[in-house]
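Quick notes on the structure that follows.
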Amino acid sequence: MILYHCPDIQMKCAGMSRLYGHVNILTKHGFDAAILHANKGFVLDDQPSVPIRYGEIQEGDIVVIPESYPGIMHEIKDYPIRRFAIALSWSYLFQTLPDNMDWRHFNIERAIVVSPFIGKLIEWSMGIPVHLIIAGLNKSLYHNENIPKKNWISFIKRKSDLVTNLKRILRARNSDYIDKIEWIALENLSEKDYAEIIRKSRVYLNVSTAEGLVSSCLKAMRCGAIIAGFDSIGGTDLLKGSGLQKNSILVQTGDYVSLAYELEPLLKDMISEQMTTWKNMILNGINTTKAFTCEAEEASLIKFWKEYL
-16 MILYHCPDIQ MKCAGMSRLY GHVNILTKHG FDAAILHANK GFVLDDQPSV
34 PIRYGEIQEG DIVVIPESYP GIMHEIKDYP IRRFAIALSW SYLFQTLPDN
84 MDWRHFNIER AIVVSPFIGK LIEWSMGIPV HLIIAGLNKS LYHNENIPKK
134 NWISFIKRKS DLVTNLKRIL RARNSDYIDK IEWIALENLS EKDYAEIIRK
184 SRVYLNVSTA EGLVSSCLKA MRCGAIIAGF DSIGGTDLLK GSGLQKNSIL
234 VQTGDYVSLA YELEPLLKDM ISEQMTTWKN MILNGINTTK AFTCEAEEAS
284 LIKFWKEYL
């Protein structure tokens, strides 16, 4: 059986949703697959109904372990099974590893990745084969409604440490930038409610300093929002801050001072409702997301498992 290890943590997280999503696709195509949770009865909220196995690994299983759990990799390194890793973020790869060890010490056979950036890091550093699986966007949730956007700037609260300082700078410059625009911290929402806010938001603010695929930016782009903030290092392949393909307002990751400067023209236009200047950027953003379909995710995932099962 294919087992995707998922931590028993009740939180809204794109990475854990991706694990459930893979299992959902695999079971629909007749693969023997399940989520592996530790504690009997635990189920992650707001996810598709999929088979779950609790704490049991059997001989011949293939266990897929997220990149941030080297302890699990070490624990099962000598089991009579096959071990794959799935890497959804680059920042945890070496942050969580013991010194002088990497995945080869845990008998990891290969790695599933969602971005070329992550794949290159793994292949270059560890020499482990990597396989890119497209991260599909749910078009029923993430789409441009072609209706006027609200003067909202939305951002993910748990990744928003720098937003307080950014807002203080902007308020000092012009209090209207804060008082006449609604800044929405997204937290503990179902994906349906999260997507509804993203569809209505004029701007999505990405101030995370470490992301793998910047999937939240892709979702917002698909909805016709303007992306502003950091490329989070992992978004360098997708987020373009200049040139004909410019699809976002970008500054160096962590530099919220420069972000305040770069945001000002947009904030002025939002307050005056003069958004014509930003149409090309929005269209470029929508075009950036075209390859990220659920159909492409399904095809790439099934192709991988048929080849390496």
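Residue numbers (the numbering used here): -16 to 292.
Don't be surprised by glycine CBs; every beta carbon is placed ideally from N, CA and C.
Please read all numbers here as calculations on a predicted model, not as lab measurements.
Residue environment, residue i, which counts as buried when at least 16 other CB atoms sit within 10 Å
| i | result |
| --- | --- |
| Pro81 | exposed |
| Asp44 | buried |
| Trp107 | exposed |
| Leu145 | buried |
| Asn189 | buried |
| Pro53 | buried |
| Ser225 | exposed |
| Ser158 | exposed |
| Arg141 | exposed |
| Ser191 | buried |
| Arg324 | With the chain running from -16 to 292 in the structure shown, residue 324 is simply not present. |
| Ser137 | buried |
Euclidean distance between Cα positions of residue i and residue j
| i | j | result |
| --- | --- | --- |
| Ser255 | Gly237 | 29 Å |
| Ala110 | Glu179 | Checking the sequence shown, residue 110 turns out to be Gly, not Ala. Taking the straight line joining both Cα atoms gives about 42 Å. |
| Gln78 | Pro131 | 43 Å |
| Ser241 | Tyr187 | 17 Å |
| Lys223 | Pro49 | 28 Å |
| Phe25 | Val46 | 18 Å |
| Met264 | Asp252 | 14 Å |
| Ser143 | Gln235 | 16 Å |
| Glu165 | Leu27 | 31 Å |
| His5 | Thr147 | 36 Å |
| Leu2 | Pro34 | 12 Å |
| Tyr291 | Asn90 | 16 Å |
| Gly119 | Glu42 | 32 Å |
| Lys289 | Asp15 | 12 Å |
| Lys286 | Leu246 | 43 Å |
| Ser173 | Arg156 | 35 Å |
Residues near residue i by beta carbon distance below 7 Å, same chain, minus five either side
| i | result |
| --- | --- |
| Met362 | No answer is possible for residue 362: it lies beyond the span of the chain, which begins at -16 and ends at 292. |
| Ser198 | Ala(-3), Ala118 |
| Gln228 | Asn267 |
Own chain, CB closer than 6 Å to residue i, minus 5 neighbours either side, in chain order
| i | result |
| --- | --- |
| Gly195 | Leu71, Ser72, Trp73, Ser98, Ile101, Gly217 |
| Arg154 | Ile161 |
| Lys60 | Phe89, Asn90 |
| Cys277 | Gly119 |
| Leu250 | Tyr160 |
Whole-angstrom C-beta distance between residue j and residue i, which should lie under 8 Å
| i | j | result |
| --- | --- | --- |
| Lys202 | Ile181 | 6 Å |
| Trp135 | Lys183 | 6 Å |
| Glu281 | Ile(-8) | No, Glu281 and Ile(-8) are not in contact; Cβ-Cβ is about 26 Å, not under 8 Å. |
| Ile117 | Ala274 | 7 Å |
| Gln30 | Ser51 | Going by Cβ atoms, the distance from Gln30 to Ser51 rounds to 19 Å, so no, they are not a contact pair. |
| Ile40 | Ile64 | 6 Å |
| Tyr125 | Cys206 | 6 Å |
Sequence-distant residues of the same chain with beta carbon closer than 8 Å to residue i, five excluded per side
| i | result |
| --- | --- |
| Ile36 | The sequence shown places Arg at residue 36, rather than the Ile named in the question. Contacts found: Met(-16), Leu(-14), Ala17, Ile18, Leu19, His20. |
| Asp220 | Ser98, Pro99, Phe100 |
| Ile152 | Tyr239, Val240, Ala243 |
| Asn22 | Asp(-9), Tyr37, Gly38 |
The ligand ADP heavy atom lying under 8 Å from the CB of residue i
| i | result |
| --- | --- |
| Ala243 | For the ligand ADP, the structure offers nothing, since it holds no ligand at all. |
**Asked** Are there three or more Cβ pairs, one per stretch, closer than 8 Å when the region 62 to 72 is compared with the region -16 to 4?
**Response** Between the region 62 to 72 and the region -16 to 4, the count of C-beta pairs closer than 8 Å reaches three or more; the two stretches touch.
**Asked** Should the region 211 to 218 be called in touch with the region 160 to 179, which here means at least 3 C-beta pairs below 8 Å?
**Response** The region 211 to 218 is not in contact with the region 160 to 179.
**Asked** Three or more beta-carbon pairs under 8 Å between the region 89 to 103 and the region 112 to 119, yes or no?
**Response** Touching, per the Cβ criterion.
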